[in-house]
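Colleague: For reference, the structure I am asking about is given below.
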Ligand code: NAP
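In the numbering used here, the protein residues as written are 7 to 299.
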């Protein structure tokens, strides 16, 4: 039997409607949630991500303060801009689009963001809070994965979750979030990476398999347990002359093969992707709510 599709687009749409209600309630109290956006340089992928995030803000009534600065900007200029946003009470969240041009110091810039406005959840203070299970801003993509699992009613508590990938933005945080003794979590978690011996041995034991490797076909049907829930975070461009753009997007999982074995699976695109921006909106509104007391 074919797996059921986890419709990230629909789930994101429903969540955004809920967030919109929170925005309206804040506006009724005279508070408009504000997102300060910083884009350094003109990397085309970063530009399109920033544009998509700003459009999503506009659609649900979040004010976005757009700051596009040239690739030649100095570290001092970048820090001055971050500090201005830290002090600006109209800005509740600061989005520093990564990667930065090579001459700028990314970790120093992330550290300069006020943890209370760190809606990407990358500040070491917020990472630490997440690890020890305190309330904080969770990084958006892993948070989106946790929400998807909750929305389909996945039995996460007690499940064996296997995560493929240990990056600081996806693999590690999703593993930590699902490990916590908390609602929508409480799983037994294994993390695989390029140093893992016999990865298929581990992935075949997964009740829930989360894949964030950044490589097409990392997971094939023979590596998946019958009826597993499979979340594919990967986004890879594959040349495709039949498409106008000359490429199409695929995940890290062999969708066709694995969907014959899994119970649930996310498509790419339309699975995890739409959740990432949604969780950014969620964190910005949460920050505005906290600032409003
Ligand atoms: P990353 O920083 O490149 O990390 C990839 C991780 O996967 C690394 O830990 C690497 O192991 C591991 N890995 C790679 N190939 C592997 C293999 N064959 N076997 C086992 N482990 C392997 O990537 P990322 O930033 O986490 O992103 C992962 C994917 O998610 C990318 O395709 C990215 O585009 C996508 N993504 C999507 C969203 C979204 O909104 N949908 C957001 C963020 C990222 P080592 O540590 O040993 O090198």
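Every residue gets a Cβ at the ideal spot worked out from N, C-alpha and C, and that includes glycine.
1) Given 8 angstroms as the limit, is there contact between the stretch 260-278 and the stretch 231-241, that is, 3 or more CB pairs closer than that?
2) Run the CB neighbour count on residue 22, radius 10 Å, all protein chains shown included, and call it buried at 16 or more, exposed below.
3) Quick check on this structure: which residue in 188, 278, 221, 228 has the alpha carbon closest to the alpha carbon of residue 204?
4) Could you give the C-beta distance for residue 298 and residue 35, rounded to a whole number, given that I count them as a contact under 8 angstroms?
5) Report buried or exposed for residue 54, applying the criterion of at least 16 other Cβ atoms within 10 angstroms of its Cβ.
6) For residue 6, which residues does DSSP report across the bridge?
7) When we look at the beta-carbon of residue 224 and count the other beta-carbons within 10 Å, is it buried (16 or more) or exposed?
8) Straight-line CA distance for residue 29 to residue 287?
9) Considering only residues of the same chain and omitting the five flanking positions on each side of residue 170, which have a CB-CB separation below 6 angstroms?
10) Strictly by DSSP, which residues pair up with residue 101?
11) Going by Cα to Cα distance, which pick from 13, 279, 7, 75 is closest to residue 176?
12) Note down, in chain order, each residue of its chain lying with its Cβ closer than 6 angstroms to the Cβ of residue 300, except the 5 sequence neighbours on either side.
13) What is the rounded straight-line gap between the Cα of residue 37 and the Cα of residue 294?
Modeller: Looking at the coordinates:
1) Contact between the stretch 260-278 and the stretch 231-241 is present, because at least three Cβ pairs lie under 8 angstroms.
2) The residue is buried, with at least 16 neighbouring Cβ atoms inside 10 Å.
3) Checked all of 188, 278, 221, 228; the closest Cα to residue 204 is 228.
4) Here residue 298 really is in contact with residue 35; their C-beta atoms are around 6 angstroms apart, less than 8 angstroms.
5) With fewer than 16 other Cβ atoms inside 10 Å of its own Cβ, residue 54 counts as exposed.
6) Outside the modelled stretch of the chain, which goes from 7 to 299, sits residue 6, for which no answer is possible.
7) With at least 16 other beta carbons inside 10 angstroms of its own, residue 224 counts as buried.
8) Distance between residue 29 and residue 287, taken at the CA atoms: about 10 angstroms.
9) Closer than 6 angstroms at the Cβ level, and outside the excluded window around residue 170, lie 198, 217, 219.
10) Residue 101 is bridged to 43.
11) Check the Cα spacing between residue 176 and each of 13, 279, 7, 75: the tightest is with 279.
12) The requested residue 300 does not occur in the structure, where the chain is confined to residues 7 to 299.
13) If I take the Cα positions, the gap works out to 8 angstroms.
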